[in-house]
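K.L.:
Counting the sequence shown from 1 gives a position; the working numbering is that position plus 401.
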Amino acid sequence: MKNRLDGGEAVVQAFRCLGMDYVMASPGSEWGAVWEAFARQKVSNSPGPIYFSCAHETLAVDLAIGYTGLTGRMQGVMLHTGVGLLQGSMGIDAAQRLGTPMVVVAGEALTYGEQEGFHPGPQWLSSLSVVGGPHSLAAPLVKWSNQASSPATLFEQLIRAGEMAQRTPSGPTFMTVPIETQLADWTPPDRIRDVPPAPRVQPPAPDIEAVADLLVSAARPAIVAEGSGRDPEAYEALVGLAEMLAIPVVDAPWSDYSNFPADHDLFQGVGQPDWLDEADVVLTLSARAPWSPPGRRPKRAHIVAIGETPFRTEMVYQNIQADRFLEGDCAATLRLLGEAVRASGAKNGALDERAASWAKAHKALAAENRKIVRNARRKKAIDPIVLFDALGEAMPDDAIYADETITHRQRLMRHRPYKGAQSYFRVAGGLGQGLGVALGLKLAAKDRTVVSVIGDGSFMYNPVVQSLALSAHEELPILVVVVNNTGYTAMAKEHRAFYPDGVAAEHDLFYGRMITDLDYAELVRPFGGFGRRVEKPAELPAALEAGLAATREGKTAILNVMVDD
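1. Taking C-beta to C-beta, are Gly420 and Gly500 nearer than 7 Å?
2. Alpha carbon to alpha carbon, how far is Gln722 from Gly821?
3. Based on DSSP bridge pairs, tell me the residues matched to Ser968.
4. Report the residue from Met475, Met479, Glu709, Ile593 whose alpha carbon sits nearest the alpha carbon of Gly563.
5. By DSSP, does Met402 sit in helix, in strand, or in coil?
6. Tell me whether the beta-carbon of Tyr900 lies closer than 7 Å to the beta-carbon of Asn961.
7. Note the first and the last residue of the continuous beta strand (DSSP E) segment covering Asn885.
8. I'd like to check one pair, Ser629 with Ser546: are the Cβ atoms closer than 7 Å?
9. The alpha helix (DSSP H) spanning His536 covers which residue range?
10. Given that a residue counts as buried once 16 or more other Cβ atoms are within 10 Å of its Cβ, and exposed if not, what is Glu876?
11. Please state the DSSP three-state secondary structure of Val742.
12. What runs of the beta strand (DSSP E), each 3 residues or longer, lie entirely inside the stretch 879-961?
13. In chain order, which continuous runs of the beta strand (DSSP E) of length 3 or greater are located wholly inside the stretch 792-854?
14. So, are the CB atoms of Ala653 and Glu634 less than 7 Å apart?
15. In whole angstroms, give me the CA-to-CA distance for Val617 and Thr710.
16. Roughly how many angstroms separate the alpha carbons of Asp678 and Gly793, rounded to a whole number?
17. Leaving aside the five residues before and after Arg498 along the sequence, list all residues of the same chain whose C-beta is less than 6 Å from its C-beta, in chain order.
18. Rounded to whole angstroms, what's the CA-CA distance from His896 to His908? Just pull it up for me.
19. Mapping the DSSP letters down to three states, classify Arg725 as helix, strand or coil.
20. Leaving out five residues before and five after Gln548 in sequence, what residues of the same chain have Cβ atoms less than 6 Å from its Cβ?
21. Considering Gln497, what are the terminal residues of the alpha helix (DSSP H) in which it resides?
22. Flag this pair as touching only if the stretch 723-731 and the stretch 698-710 have three or more C-beta atom pairs under 8 Å; answer yes or no.
23. What would DSSP say about Ser656, mapped onto helix, strand or coil?
24. Out of Val964, Met915, Ala950, which one is the CA nearest neighbour of Ala939?
25. What residue does the beta strand (DSSP E) around Thr685 start on, and which one ends it?
26. Residues in its own chain within less than 7 Å of Cys418 by CB, not counting five upstream and five downstream?
27. Thinking just about the alpha-carbon of each residue, which of Met645, Glu437, Ser745, Glu946 is nearest to the one in Ala751?
28. Between the alpha carbons of Glu946 and Ile783, how many angstroms are there, rounded?
29. Classify Gly518 as buried or exposed, calling it buried when 16 or more other Cβ atoms lie within 10 Å of its own Cβ.
30. In the DSSP assignment, the alpha helix (DSSP H) including Val435 goes from what residue to what residue?
31. Measuring straight from C-alpha to C-alpha, what distance separates Glu431 and Ala553?
32. Per DSSP, Val705 forms a beta bridge with which residues?
This is how it looks when you write it as structure tokens:
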């Protein structure tokens, strides 16, 4: 019996063939066959993915999001039937919105004790059964969702799920694997293959050449970057293209990544500055929502949308206003554009003048930002801008930031502490995922400092106990900076915007703003971590230094920073 191969081995072997490093698991009792396969892998010292157990389903999914976000490598996630899937569904939705590939599996029972000689347990009949199966619950959240149709097809169906997850548009796929299918005999195929990586799709050469001609002849080109920084190759290719033609670059208001160096002379800030209305050609990079409001495109520009998936199936509405599309891998497209510009041999005599003009504008923007910081430092209370500036001073240059702020996000992006490619990751979807994403980033980059910048409201949605326990157990120390304005300020802001002269505004009765008040720094102490409450600007440097020192000693640190807004 111990040498028998069954469906559990088929699951683990499929994950091996897909090149997964980890299977992030918050499982239930249905996974005995898979656990047996992992035990066999360990005892035989065979290569394969590491089983990574955590105590919350959303945490498991977010670990995979963070890890894949930094490495680019798809991971597996194992959940407990429909109930675990529902608990982890917010993370799966975030993966779909980010285009993060993963294979999610959950189990179920099919026979409920009616099969002679086998009983999965009474809980499957009374509590855990799902009409239509768990895959019916997952279907709206993923690219593809299905039940393993038989023990004979299980292995190849999982392989196919992984291949589909990585194809354009990338995203999560889901499979229900019944207990009966896991326990059935499995005969491996004669040839076990390692699944090749998904190809990088690129636009046709004539389309590249046409856009290159547009850029070369443009008098006032511009670039709006939103998601291109996901790939460090795209980050470098964007710098090269921008420098080649002295093109200014702005970050879209809801950028997911660090897309362009903020200290570069061509960087012109965040959002939609007025001068974009004077641009004649604008490239948007991996942008699902480059304009705000959506229909407010630059007035005179020819808009070129670059990216693999300009139209997002997870969005109800888009209005990207593009006049031309270059659909394909962003890094490959930017690199090909640069090559086409060089090959054209065209000379634009205004380039030096344009570069000097944007350098001057960049210096003015930097000076304005410094002025804002100086003014913020005059306050007795901690302005969030002062906190972000202090983070940039205290943290190492290669620190990675996981951002789950709402009210403070635009200020964080403007006064950014992060530097370089893959230094900033926006936590997508619903609140409550920042700690898991930060831990996934740390798992992928154990030699780098990872900072979770998180609002107090966002923090309260997170699986805090499970995250801190995992951090201690797996030796994944992170620095958590809670930007604490003592309430759900975004909710009060919207309430006031809808009813500026209402009863709530008159009597300061913003019910949506109320939050449970506690000292978040104390929560880390039972897990051997470092915590400190910070109330005054003068306390920030020492607190950040102490928090960083704690992480270097292997301890997670929480700084509860009381801000005035």
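Built from N, CA and C at the ideal position, the CB exists for glycine as well. Being a predicted model, the structure only gives us computed values, none of them experimental.
P.N.:
Quick look at the numbers:
1. On the sequence shown, residue 420 is found 19 positions in, with the first residue counted as 1. On the sequence shown, residue 500 is found 99 positions in, with the first residue counted as 1. For Gly420 and Gly500, no; Cβs fall outside 7 Å.
2. Working through the sequence shown from its first residue, we reach residue 722 at position 321. Working through the sequence shown from its first residue, we reach residue 821 at position 420. Using only the alpha carbons, I get a separation of about 30 Å.
3. Look at the range of the chain in this structure, 402 to 966, and you will see that residue 968 is not part of it.
4. To locate residue 563, count along the sequence shown from 1; it is residue 162. The option with the nearest alpha carbon to Gly563 is Met475.
5. The residue you call residue 402 lines up with position 1 of the sequence shown. Note that Met402 scores 45 on pLDDT, short of 50, meaning its location in the model is unreliable and no value can be drawn from it.
6. Stepping through the sequence shown from its first residue, residue 900 is reached at position 499. Stepping through the sequence shown from its first residue, residue 961 is reached at position 560. No.
7. Translated into the one-based positions of the sequence shown, residue 885 becomes position 484. Unbroken beta strand (DSSP E) run through Asn885: 880-885.
8. Numbered from its first residue, the sequence shown carries residue 546 at position 145. Numbered from its first residue, the sequence shown carries residue 629 at position 228. No. Outside cutoff.
9. Residue mapping note: residue 536 aligns to position 135 of the sequence shown, counting from 1. Unbroken alpha helix (DSSP H) run through His536: 535-539.
10. Stepping through the sequence shown from its first residue, residue 876 is reached at position 475. With fewer than 16 other Cβ atoms within 10 Å, it is exposed.
11. Locating residue 742 in the sequence shown gives position 341, counting from the first residue. Looking at Val742 - three-state DSSP - the assignment turns out to be helix.
12. 880-885, 931-935
13. 801-805, 825-827
14. Walking along the sequence shown from the start, residue 653 turns up at place 252. Walking along the sequence shown from the start, residue 634 turns up at place 233. It is not a contact, given that the beta carbons lie outside the stated cut-off.
15. Position 216 of the sequence shown, counted from the start, is the residue given in the question as residue 617. Position 309 of the sequence shown, counted from the start, is the residue given in the question as residue 710. So the two alpha carbons sit approximately 25 Å from each other.
16. Position 277 of the sequence shown, counted from the start, is the residue given in the question as residue 678. Position 392 of the sequence shown, counted from the start, is the residue given in the question as residue 793. So the two alpha carbons sit approximately 32 Å from each other.
17. The residue given as residue 498 occupies position 97 in the sequence shown. Closer than 6 Å at the Cβ level, and outside the excluded window around Arg498, lie Glu715, Ala829, Gly830.
18. Position 495 of the sequence shown, counted from the start, is the residue given in the question as residue 896. Position 507 of the sequence shown, counted from the start, is the residue given in the question as residue 908. Taking the straight line joining both Cα atoms gives about 13 Å.
19. By one-based count along the sequence shown, residue 725 stands at place 324. It is a strand residue.
20. Residue 548 sits at position 147 when you count from the first residue of the sequence shown. Excluding residues within five positions, the ones whose Cβ falls inside 6 Å are Gly534, His536, Thr577.
21. The sequence position of residue 497 within the sequence shown is 96, counting from 1. It spans 482-499 - the alpha helix (DSSP H) in which Gln497 sits, taken as one unbroken run.
22. yes
23. What you label residue 656 is simply residue 255 of the sequence shown in a count that begins at 1. Three-state result, Ser656: coil.
24. Working through the sequence shown from its first residue, we reach residue 939 at position 538. Selected option, being the one with the closest Cα: Val964.
25. Counted from its first residue, the sequence shown places residue 685 at position 284. Thr685 -> beta strand (DSSP E) spans 682-686.
26. As a position in the sequence shown, residue 418 is number 17, starting the count at 1. Only Ile560, Ile593, Arg594, Asp595, Val596 meet the Cβ criterion.
27. As a first step, residue 751 is located in the sequence shown; it is residue number 350 there, counting from the start. Considering only alpha carbons, the answer is Met645.
28. Here residue 946 corresponds to residue number 545 of the sequence shown, with the count starting at 1. Here residue 783 corresponds to residue number 382 of the sequence shown, with the count starting at 1. For Glu946 and Ile783, the distance between alpha carbons rounds to 17 Å.
29. By one-based count along the sequence shown, residue 518 stands at place 117. That one is exposed.
30. Residue numbering aside, residue 435 sits at position 34 when the sequence shown is read from its first letter. Note, Val435: alpha helix (DSSP H), 433-444.
31. In the sequence shown, the residue the question calls residue 431 occupies position 30. In the sequence shown, the residue the question calls residue 553 occupies position 152. Taking the straight line joining both Cα atoms gives about 19 Å.
32. The residue you call residue 705 lines up with position 304 of the sequence shown. Its beta-bridge partners are Leu684, Arg725.
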